[in-house]
Amino acid sequence: RNYVEKRDKEGTKREVRLLKLKDDLIEKITLQENTGAEKSKLFPTDLGLVVTDFLNQHFDKVMDYSFTANIEEEFDKIADGKQEWSSMVGDFYKPFHEDVAHTLENAERAKGERELGKDPVSGKPIIARMGRYGPMVQVGAQEDEEKPKFAKLKPTQSIETISLEEALDLFKLPRNLGKFEEEDVQVSIGRFGPYASHNKQFYSLNKEMDPYTIELSEIVPMIAEKRKAKDDRTIKIFEKEKIQLLKGPYGPYIKQGLKNYKLSKEQQEKAADLTIEEVNQVIEHLKANPPKKSFRKKKKA
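For the sequence shown, the working numbering gives the first residue as -19, with consecutive numbering after it.
Right, here's the structure in full:
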């Protein structure tokens, strides 16, 4: 009971793992969010609503409120020796398995679609639904010749409650904020969150920055700061081979594409003097002899 009361007040913590692009490095981020906590009440998420509707449609017997009560009665009969457990499992499993097989063959992917209205410019329908990476809105249908436009919902928005006006606001991205160093600065939201783009470079926005309201004067100092941080850790760049020698928390290392390659202590000491031939030798050696992963044994309590 105490646990339930606490959950009702605080929600349920859930871990979300993200890969975030920051200054040409991919960071693995683990976030914790409270699911369902709002004003001391539990509210279902968009994904929860879609899954529940899908289960009610295709597995109505299992979702029926009387299902659990009937199962408990049968368990009591088994405990009292009045019913064979094998017959009880068989009576449940056979029709359930048939439902699963039928659903796999015939059911469409659940999207939880909700049409909000028409786009005033194109006249196409605007639909709120679940996408691969979460709740979103789209202009147009998949079967249209022109590819639909998509926009991710804000964390505070829901498929069930978002209005047409709120959905239209989401399509204001990407926003062109103006010129910096004779190149356009744009802000948008990608798979890993809000970002700014300038001169073919991408910069993740700081948490307090809203891509819908941020101005050029706020973005420029951030770009300059992140450039400096990148320059400070750059030792050498081999442009033709697209290989970088960078400073890391454990010393200099090689970066090629999305792969990092560790240097020996001797190589780290002369990292600035390494030639492209020496760098390629390190890469080829580590590809042929990848370092073994070490696993620490847990100490006995």
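Positions of the beta carbon are idealized from the N, C-alpha and C atoms, including for glycine.
Residues near residue i by beta carbon distance below 8 Å, same chain, minus five either side
i            : result
leucine 153  : Ala131, Val167, Ser168, Ile169, Pro191, Tyr192
arginine 171 : Tyr113
glutamate 54 : Gln63, Met68
Minimum C-alpha distance to residue i - residue among the options
i                : options                        : result
serine 138       : Gly111, His77, Gln122          : Gly111
lysine 187       : Ala176, Lys74, Val117          : Ala176
lysine 104       : Leu84, Ala81, Pro128           : Pro128
lysine 242       : Gly158, Ile199, Val262, Ile256 : Val262
isoleucine 217   : Glu195, Asp164, Lys208, Ile256 : Ile256
proline 201      : Gly237, Leu226, Ser244, Glu161 : Glu161
phenylalanine 47 : Phe34, Ser67, Phe76            : Phe76
leucine 29       : Thr141, Glu52, Ala59           : Thr141
glycine 158      : Phe39, Leu196, Asp56           : Leu196
Segment limits, alpha helix (DSSP H) that includes residue i
i          : result
alanine 81 : 65 to 86
lysine 41  : 40 to 43
lysine 267 : 256 to 268
lysine 245 : 245 to 249
Distance between residue j and residue i (C-alpha atoms, nearest Å)
i                : j              : result
lysine 206       : proline 229    : 17 Å
threonine 214    : alanine 252    : 10 Å
methionine 43    : asparagine 36  : 6 Å
leucine 185      : glutamate 123  : 34 Å
lysine 221       : valine 165     : Lysine is not the amino acid found at residue 221; the sequence shown has glutamate there. So the alpha carbons of these two residues sit roughly 28 Å apart.
threonine 32     : lysine 272     : 44 Å
glutamine 181    : threonine 136  : 29 Å
alanine 81       : lysine 41      : 15 Å
aspartate 79     : glutamate 125  : 36 Å
glutamate 198    : glutamate 146  : 25 Å
leucine 148      : methionine 189 : 20 Å
glutamate 246    : aspartate 211  : 23 Å
leucine 266      : leucine 254    : 16 Å
asparagine 50    : lysine 74      : 17 Å
histidine 314    : glutamate 52   : Since the displayed the chain opens at -19 and closes at 281, residue 314 lies outside it and no answer follows.
phenylalanine 72 : tyrosine 233   : 58 Å
glutamate 163    : asparagine 240 : 31 Å
asparagine 155   : isoleucine 194 : Residue 155 is actually arginine in this sequence, not asparagine. Computed Cα separation, rounded: 10 Å.
alanine 268      : asparagine 179 : 36 Å
valine 259       : glycine 173    : 34 Å
Range covered by the beta strand (DSSP E) that runs through residue i
i                 : result
threonine 214     : 214 to 218
glycine 92        : Taken as a continuous stretch (DSSP letters only), glycine 92 belongs to no beta strand (DSSP E), as it is neither H nor E.
isoleucine 223    : 223 to 228
phenylalanine 182 : 181 to 184
isoleucine 107    : 105 to 111
alanine 330       : This structure does not reach residue 330, given that the chain is present from -19 up to 281, and the question cannot be answered.
glycine 231       : 231 to 236
tyrosine 241      : 239 to 242
Residues near residue i by beta carbon distance below 6 Å, same chain, minus five either side
i                 : result
isoleucine 107    : Glu93, Glu95, Gln118
glycine 231       : Gln248
proline 115       : Asp26, Leu133, Ile139
glycine 120       : Lys104, Pro128
phenylalanine 151 : Ala131
lysine 235        : Gln224, Leu226
Other residues of its chain near residue i: CB distance less than 7 Å, five sequence neighbours each side excluded
i             : result
glutamate -15 : The predicted model places glutamate -15 with a pLDDT of 47, which falls under 50 and marks its position as unreliable; any figure quoted below should be read in that light. So the list is empty, once near-sequence residues are dropped.
glycine 97    : Ile106, Leu144
tyrosine 183  : Tyr175, Ala176, Met202, Ile203, Lys206
aspartate 99  : Ile106, Val119
CB contact below 7 Å: residue i versus chain D
i           : result
glycine 114 : No chain D is part of this structure, which consists of one protein chain only.
Proximity test, residue i beta-carbon vs the ligand ZN heavy atom, cut-off 6 Å
i             : result
aspartate 211 : Within the structure as shown, the ligand ZN is missing, as the structure has no ligands at all.
- request: Could I get the ranges of all uninterrupted alpha helix (DSSP H) runs contained in the segment 115 to 163, with 4 residues as the minimum, in chain order?
  value: If we require 4 residues or more, the alpha helix (DSSP H) runs fully inside the segment 115 to 163 come out as 144 to 150.
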